[in-house]
Ligand code: OGA
Ligand code: MN
């Protein structure tokens with residue numbers, strides 16, 4: 001399937017940059033087209049059907065292990081050239097990276113990301129995305145691939161924000177959430193249905 005980046009659609013890059021500057025996070029409900037969202041969902045489901053998703057691990061180096069009481073998703077890293085659909089997503093995400101560099105002088109060099117599939121009832125406890133031993137992750141970008149979503153199905157991304165409160169964001173298809181990896185604590189609440197996302201990070205070169 002061919003999914004082109006639609007250059008005619010005006011993307012809310014300035015709104016994202018303004019939000020990041022003001023509060024460290026941004027959510028945009030209609031960032032990805034329906035066609036790209038569906039194609040990415042189909043690719044994730046095909047990978048799951050082929051047994052290509054792996055239980056996510058926590059920790060770094062020799063201490064890496066599965067801990068279902070910490071995170072219960074199964075993941076698959078995406079690579080340039082693996083499919084036209086993933087390449088279309090990577091092109092979208094590279095345009096966002098360049099916009100954040102332009103608007104915020106963010107110095108973002110690269111992107112790394114994976115599909116994440118949460119079975120019903122699984123979750124990811126409150127955490128930050130930047131490792132203590134490696135500060136290369138600067139900005140987190142999560143794209144949601146679930147066709148429809150309603151609040152009573154659970155599965156929100158809960159952000160713990162500066163004012164000490166929380167914001168719950170439903171993982172509805174087409175939405176992206178962007179935040180500063182070092183600053184924003186967050187968690188994935190359990191859902192009554194499966195939950196698919198594509199989670200990634202803009203990184204600075206490891207110096
Ligand atoms: C992560 C994460 C949130 C989400 O993978 O680090 O926090 O909503 N994901 O999928
Ligand atoms: Mn996270």
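In the UniProt record's numbering, the protein residues as written are 1 to 207.
A virtual CB, placed ideally from N, CA and C, is assigned to each residue, including glycine.
The structure displayed is predicted, hence computed values, not measured ones.
query: Under the rule that 16 or more other beta-carbon atoms within 10 Å means buried, what is residue 131, buried or exposed?; result: exposed
query: So, with DSSP's three-state summary, where would you put residue 224?; result: Any answer about residue 224 is impossible in this case: the structure gives the chain only from 1 up to 207.
query: Going by other Cβ atoms of all chains shown within 10 Å of its Cβ, with 16 needed for buried, is residue 10 buried or exposed?; result: exposed
query: Residue 28: which of 177, 136, 181 and 155 sits nearest, CA to CA?; result: 177
query: Between the C-alpha atoms of residue 116 and residue 200, what's the straight-line distance to the nearest angstrom?; result: 10 Å
query: In the region 25 to 50, which residue ranges form an unbroken beta strand (DSSP E) of at least 3 residues, counting only runs that do not cross its ends?; result: 25 to 28
query: Suppose the cutoff is 7 Å on Cβ atoms and the five residues either side in sequence are ignored; what does the same chain contact list for residue 59 look like?; result: 65
query: Between residue 48 and the rest of its own chain, which residues show a CB-CB distance below 8 Å, the 5 nearest in sequence each way excluded?; result: 74 and 117
query: Below 8 Å on the Cβ atoms is my guess for residue 103 versus residue 17; work out the distance and round it to an integer in Å.; result: 4 Å
query: Can you check which of these residues, 172, 161 and 194, is closest to residue 183 by C-alpha distance?; result: 161
query: Taking buried to mean at least 16 other C-beta atoms within 10 Å of its own C-beta, is residue 55 buried or exposed?; result: exposed
query: Pull up the CB-CB distance for residue 139 and residue 100, whole angstroms please, since I reckon it's below 8 Å.; result: 7 Å
query: According to DSSP, is residue 85 part of a helix, a strand, or is it coil?; result: helix
query: Does the structure place the region 179 to 193 close enough to the region 151 to 161 that three or more beta carbon pairs sit under 8 Å?; result: yes
query: Just grab the DSSP bridge partners of residue 55 for me.; result: 74
query: Rounded to whole angstroms, what is the Cα-Cα separation between residue 106 and residue 97?; result: 9 Å
query: Verify the contact flag: residue 160, CB atom, against every heavy atom of ligand 2, threshold strictly below 7 Å.; result: no
query: How about residue 185 and residue 127: do their beta carbons lie closer than 8 Å?; result: yes
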